[in-house]
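Novice:
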Amino acid sequence: MAGIAKPTYPVKKEAKYTLIESIGLTGNANGLFDGTTPNAWNTNEVAYWNTATSYIIIEFYETVILHRFYSWNNSNNQRLKILKHNGTDYVEDYTNLYRDTSKQASQTWLQFTEALPKGKYKFILDASNTGLAGRVDGEWYVESAYMNKSLILHDGEYKKYIPHIPLSQGENIVPIMTSNTKPSGKASASSIYNASYYDAWKAFDGTDGQGWCTANGQNYGWISYEFPFVTDISGYSLRATGTVVNIPLINHITTWEFEGSNNGNDWTTLDTQSNITWSSGLEVKNFKLKNVAKYKIYRVNVPTKTGVTYVGIGDIYLLSVAQSEILAKWETVSTTLPTSTQFIDKGMDSLSPFERKVTTLEPMEMTNKSEILGVGKIGKVFSKTIDLKKYFDIKKLKVVVK
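My numbering numbers the first residue of the sequence shown as 236 and each following residue consecutively.
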């Protein structure tokens with residue numbers, strides 16, 4: 236499955252599928268579903284259709300919509316011919332459901348099919364689509380086209396229930412890096428002390444002891460992380476190193492500019508800090524941006540620090556946009572029968588908030604109504620009114636006489 240690699244625009248849940256076969260591709264068809272979005276063409280993390288006979292076969296177990304991450308920048312946008320299996324061979328042509336990707340920019344996501352009915356499909360280069368150098372896809376997202384929307388009719392109004400969403404603080408959205416390019420994105424630096432302990436990705440590996448340092452003799456520099464696509468952040472955090480391979484506190488960065496860029500050349504200053512002090516290992520400092528930043532690359536740019544021969548930091552965290560608390564409430568969608576558009580746009584995706592469960596209520600005292608018995612009648616009468624609109628599915632009543 237695509238995992239953390241998914242389109243930057245809203246999509247529904249991932250559908251079930253099986254990659255059955257691939258023939259003649261450079262790279263690896265499994266790279267379409269490995270959760271990485273590399274900027275490359277000659278790696279097993281991408282699928283490269285580069286001959287007329289290159290193809291893959293996938294079975295979809297429901298109606299799906301396909302999305303593609305384009306991994307290269309050399310006009311590798313050739314159209315795919317979409318052939319569905321009819322029980323004997325791949326002869327049913329569904330290429331009319333293909334969306335044009337000829338202008339898709341490198342390192343972006345784009346929907347490339349309309350809804351494809353469930354079944355087995357062969358994807359092969361469309362020979363009639365000339366002038367493009369094959370096709371390089373870094374990742375596919377197989378979106379379920381199934382839609383289940385609901386509204387509740389109450390007191391003549393069609394309503395939706397909006398569940399409580401608690402307040403959430405910004406969280407680190409950089410994956411735990413195991414190299415400068417894995418599992419996704421790219422860590423870079425102006426220089427490094429050595430690759431064993433102080434490479435750029437060490438500042439994004441989530442460990443206590445290691446971090447990034449400039450080369451000895453360079454008491455200035457920068458370190459950056461590049462997302463696969465433009466990503467919103469609300470702030471960042473820096474953490475001092477621990478004690479495994481310690482960077483002395485005196486060498487930790489104290490003055491810097493935090494910057495954003497979409498091309499690696501033009502940088503915008505998002506935050507400036509000066510004379511920051513570090514008092515202990517693993518100390519964390521948080522910095523909130525004045526406005527939500529929307530860039531692909533973020534970096535910490537450190538000017539010359541006097542009195543040391545190199546500078547560094549333990550860990551860098553880029554923080555997601557915080558979610559304000561939303562209180563549970565009912566919202567009226569329509570006072571008349573909703574249109575299909577209203578169902579799609581406003582309908583509830585899940586009725587799980589209304590899942591019923593067996594609940595034992597607290598004992599309720601009954602009222603003595605024995606006076607309704609006629610003269611000479613024997614016995615006692617007790618009464619209690621139960622709201623059957625609230626408790627409409629009563630499994631058992633137990634009467635206890637004390």
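Ideal Cβ positions, reconstructed from N, Cα and C, are used throughout, including at glycine. Note that the structure is predicted; figures quoted are calculated from it, not measured.
Of all the options F439, D443, P573 and N279, which has the alpha carbon lying nearest to the alpha carbon of F462?
Specialist: F439
Novice: Check whether the Cβ atoms of V246 and Y376 sit closer than 8 Å, and answer yes or no.
Specialist: yes
Novice: Can you tell me whether DSSP reads S403 as helix, strand or coil?
Specialist: strand
Novice: Please confirm whether T449 and S426 have their CB atoms less than 8 Å apart.
Specialist: yes
Novice: For D550, does the count of other Cβ atoms within 10 angstroms reach 16, so buried, or fall short, so exposed?
Specialist: So D550 counts as buried.
Novice: Please classify F617 as buried or exposed, where buried requires at least 16 other C-beta atoms within 10 Å of its C-beta.
Specialist: exposed
Novice: Should the stretch 311-325 be regarded as contacting the stretch 395-411, the criterion being three or more beta carbon pairs within less than 8 Å?
Specialist: no
Novice: Pick helix, strand or coil for D580, following the three-state DSSP scheme.
Specialist: helix
Novice: Considering just the uninterrupted stretch of the beta strand (DSSP E) at G456, what are its terminal residues?
Specialist: G456 to R474
Novice: In the DSSP assignment, find the beta strand (DSSP E) that holds I317 and state where it starts and stops.
Specialist: L315 to H320 is the extent of the beta strand (DSSP E) around I317.
Novice: Within its chain, find whatever has a CB closer than 7 Å to the CB of K394; leave out the 5 residues flanking it on each side and keep chain order.
Specialist: L386, I387, W565, E566, T567 and V568
Novice: Along the chain, where does the beta strand (DSSP E) that runs through D328 open and close?
Specialist: Y325 to D328
Novice: Please confirm whether D628 has its beta-carbon closer than 8 Å to some beta-carbon of chain D.
Specialist: Looking at the structure shown, chain D is missing, and only one protein chain is on hand.
Novice: Hey, out of G477, L254, S341 and K624, whose CA is closest to S310's CA?
Specialist: S341
Novice: State the start and end residues of the unbroken beta strand (DSSP E) segment that holds L608.
Specialist: L608 -> no beta strand (DSSP E), and no H or E assigned at all.
Novice: Along the chain, where does the beta strand (DSSP E) containing L345 start, and where does it finish?
Specialist: T343 to Q346
Novice: Can you give me the start and stop residues for the beta strand (DSSP E) that L260 sits inside?
Specialist: No beta strand (DSSP E) contains L260, which DSSP labels as neither H nor E.
Novice: Whole angstroms is fine: what's the gap from S306's alpha carbon to T272's?
Specialist: 7 Å
Novice: With a cut-off of 8 Å on the beta carbons, I'd call V281 and G259 a contact; round off their distance for me.
Specialist: At roughly 14 Å, the Cβ-Cβ gap does not stay under 8 Å, so V281 and G259 are not in contact.
Novice: Compute the Euclidean distance between the alpha carbons of Q508 and Q313, then round it to the nearest angstrom.
Specialist: 47 Å
Novice: Where do the ends of the beta strand (DSSP E) carrying Y356 lie?
Specialist: G354 to L360
Novice: How long is the line joining the alpha carbons of D628 and M599, rounded to whole angstroms?
Specialist: 18 Å
Novice: If you count every other CB in all the chains shown that lies within 10 Å of the CB of D335, and 16 or more means buried, which is it?
Specialist: When all chains shown are included, D335 counts as exposed.
Novice: Which whole-angstrom value is the C-beta distance of V465 and N415, which I expect to be below 8 Å?
Specialist: About 20 Å; that fails the 8 Å criterion.
Novice: Go ahead and label D501 buried or exposed: buried means 16 or more other beta carbons lie within 10 angstroms of its beta carbon, across all protein chains shown.
Specialist: exposed
Novice: Can you confirm whether the stretch 519-527 touches the stretch 430-438 when touching is taken to mean that 3 or more C-beta pairs between the two stretches lie within less than 8 Å?
Specialist: no
Novice: Tell me which residues share the same chain as G452 and place their Cβ nearer than 8 Å to its Cβ, disregarding the 5 neighbours each side in the sequence.
Specialist: Same-chain partners within the cutoff: T544 and Y545.
Novice: Please determine whether the Cβ atom of I613 lies at a distance below 7 Å from any heavy atom of the ligand ZN.
Specialist: Looking for the ligand ZN in the displayed structure turns up nothing, as the structure carries no ligands at all.
Novice: Which value, in whole angstroms, describes the spacing of the CA atoms of K649 and I255?
Specialist: This structure gives no information on residue 649, because the portion of the chain shown stretches from 236 to 637.
Novice: Is K525 near S379, with beta carbons less than 8 Å apart?
Specialist: no
Novice: With the cut-off set at 8 Å, would you say F347 and L301 are in Cβ contact?
Specialist: It is a contact, given that the beta carbons lie within the stated cut-off.
Novice: Less than 8 Å between the beta carbons of A475 and S515, yes or no?
Specialist: yes
Novice: Please classify M412 as buried or exposed, where buried requires at least 16 other C-beta atoms within 10 Å of its C-beta.
Specialist: buried
Novice: Excluding the 5 residues preceding and the 5 following T253 in the sequence, name in chain order all residues of the same chain whose CB lies nearer than 6 Å to its CB.
Specialist: E294
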